[in-house]
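Numbering-wise, the sequence shown is residues 2 to 285 according to this note's numbering. A quick write-up on the structure given underneath.
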Amino acid sequence: MQKIKKQKLYLLALLLPFIILVIGFEIGPLASMIKNSFYADDGINITINQYLTIFKSKFYLQAIHNSVLISLFSAITSIMVAVVIAYSFTKFSKQVQNRLLMIANMTSNFEGIPLSFSYIILLGNNGLFTLLFAKLGWDVFAKFNLYSWTGLILVYVYFQIPLAVMLLYPAYQGIKKQWKEAAALLGASKLQFWLHIGLPILLPSIAGIFSILFANAMGAYATAYALVGSNYNLLSLQIAALVASDVTLKPQLGSALGVLLASTMIVAMWFNQRMMRRIRRDLR
2 MQKIKKQKLY LLALLLPFII LVIGFEIGPL ASMIKNSFYA DDGINITINQ
52 YLTIFKSKFY LQAIHNSVLI SLFSAITSIM VAVVIAYSFT KFSKQVQNRL
102 LMIANMTSNF EGIPLSFSYI ILLGNNGLFT LLFAKLGWDV FAKFNLYSWT
152 GLILVYVYFQ IPLAVMLLYP AYQGIKKQWK EAAALLGASK LQFWLHIGLP
202 ILLPSIAGIF SILFANAMGA YATAYALVGS NYNLLSLQIA ALVASDVTLK
252 PQLGSALGVL LASTMIVAMW FNQRMMRRIR RDLR
């Protein structure tokens, strides 16, 4: 018994740096944000007026609506494309698969301000491809506006797809070759195999990855800020404007918006868990 206690203390000591990191950089700021959201603008009086201001303001409700909409659209589009791409990866040799995964990993980390500037250089009003196609007489990008809803979706999907591929690829490794052979021997076609065996196996992973993509898009700030600045009303942009702006500095209201942003992500994770419980029998 004493030996077991020593092992537990040793494992707890190893986890201590991680626990301190979580408390210091996650739980601590979250608790401070929730606390500040219940203060008035003077930072002294306790009130719920910050939340009332948000729900009474069409401007902030529009920011929440736009963020949820762009997150849903980019997450759904990315997961649909990633299902096909991750499956195509499995058709190559192991050496090629490793190289493709390395490229996907590098692409998934290429986001934020560098990604926005790259798109501006290539597809902006005076971008390389925009001017090139215009000179060639092709109207491919004549009506395309990078600094609009369409441009935001394009950029969001770009950095979401590689992340979805990286997360979904291991799920395909769980589908054994013997299952396909057994299904073929029983007379099942490839479509029937994927509908009745492959897809049910992948669904828990797809549901989990979807919630990650949704949260990733909801919290994206640098990419949207570098691309559209304050021209598009997104929740992350409004939080930054209220917390770090020199004109409208209202950290308490920004904290309330941050709480709503975190609540949206928590609801998405809860929905994901509910979906997984419906799909996976071992969680019921």
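By construction, the Cβ of each residue, glycine as well, lies at the ideal position given by its N, Cα and C atoms. On a predicted model such as this, the values are computed, not experimentally measured, just so you know.
Please report the straight-line C-alpha distance between residue i and residue j, rounded to a whole angstrom.
i, j, result
"residue 125", "residue 160", "18 Å"
"residue 131", "residue 75", "24 Å"
"residue 262", "residue 236", "7 Å"
"residue 9", "residue 225", "46 Å"
"residue 51", "residue 30", "18 Å"
"residue 21", "residue 15", "11 Å"
"residue 215", "residue 99", "27 Å"
"residue 179", "residue 220", "41 Å"
"residue 258", "residue 33", "13 Å"
"residue 284", "residue 210", "Low per-residue confidence applies at residue 284: pLDDT is 49, beneath 50, and the placement is therefore not dependable, though the value from the model is reported in the following sentence. Approximately 17 Å, taken between the alpha carbons."
"residue 66", "residue 79", "20 Å"
"residue 170", "residue 154", "23 Å"
"residue 114", "residue 54", "31 Å"
In the DSSP assignment, find the alpha helix (DSSP H) that holds residue i and state where it starts and stops.
i, result
"residue 58", "Taken as a continuous stretch (DSSP letters only), residue 58 belongs to no alpha helix (DSSP H), as it is neither H nor E."
"residue 26", "No alpha helix (DSSP H) contains residue 26, which DSSP labels as neither H nor E."
"residue 146", "No alpha helix (DSSP H) contains residue 146, which DSSP labels as neither H nor E."
"residue 222", "Where residue 222 is concerned, there is no enclosing alpha helix (DSSP H), given that its DSSP letter is neither H nor E."
"residue 187", "Note, residue 187: premise wrong, no alpha helix (DSSP H); not H, not E."
"residue 108", "95-109"
"residue 1", "It is not possible to answer for residue 1, since the shown part of the chain is limited to 2 through 285."
Across which residues does DSSP place residue i in a beta bridge pair?
i, result
"residue 47", "40"
Which of the three DSSP states is assigned to residue i in this structure?
i, result
"residue 194", "helix"
"residue 137", "coil"
"residue 182", "helix"
"residue 237", "helix"
"residue 284", "With a pLDDT of 49 at residue 284, under the threshold of 50, the modelled position of that residue is not reliable, and the figure given next carries that caveat. Looking at residue 284 - three-state DSSP - the assignment turns out to be helix."
"residue 232", "coil"
"residue 175", "coil"
"residue 70", "helix"
"residue 131", "helix"
"residue 92", "coil"
"residue 249", "coil"
For residue i, count neighbouring Cβ atoms within 10 angstroms of its own Cβ and tell me buried if that reaches 16, exposed if not.
i, result
"residue 264", "exposed"
"residue 231", "exposed"
"residue 26", "exposed"
"residue 151", "exposed"
"residue 112", "buried"
"residue 146", "exposed"
"residue 117", "buried"
"residue 166", "buried"
"residue 24", "exposed"
"residue 142", "buried"
"residue 239", "buried"
"residue 289", "Coverage of the chain is limited to positions 2 through 285, which leaves residue 289 absent and any answer about it impossible."
"residue 255", "buried"
"residue 268", "exposed"
"residue 110", "exposed"
"residue 97", "exposed"
"residue 18", "exposed"
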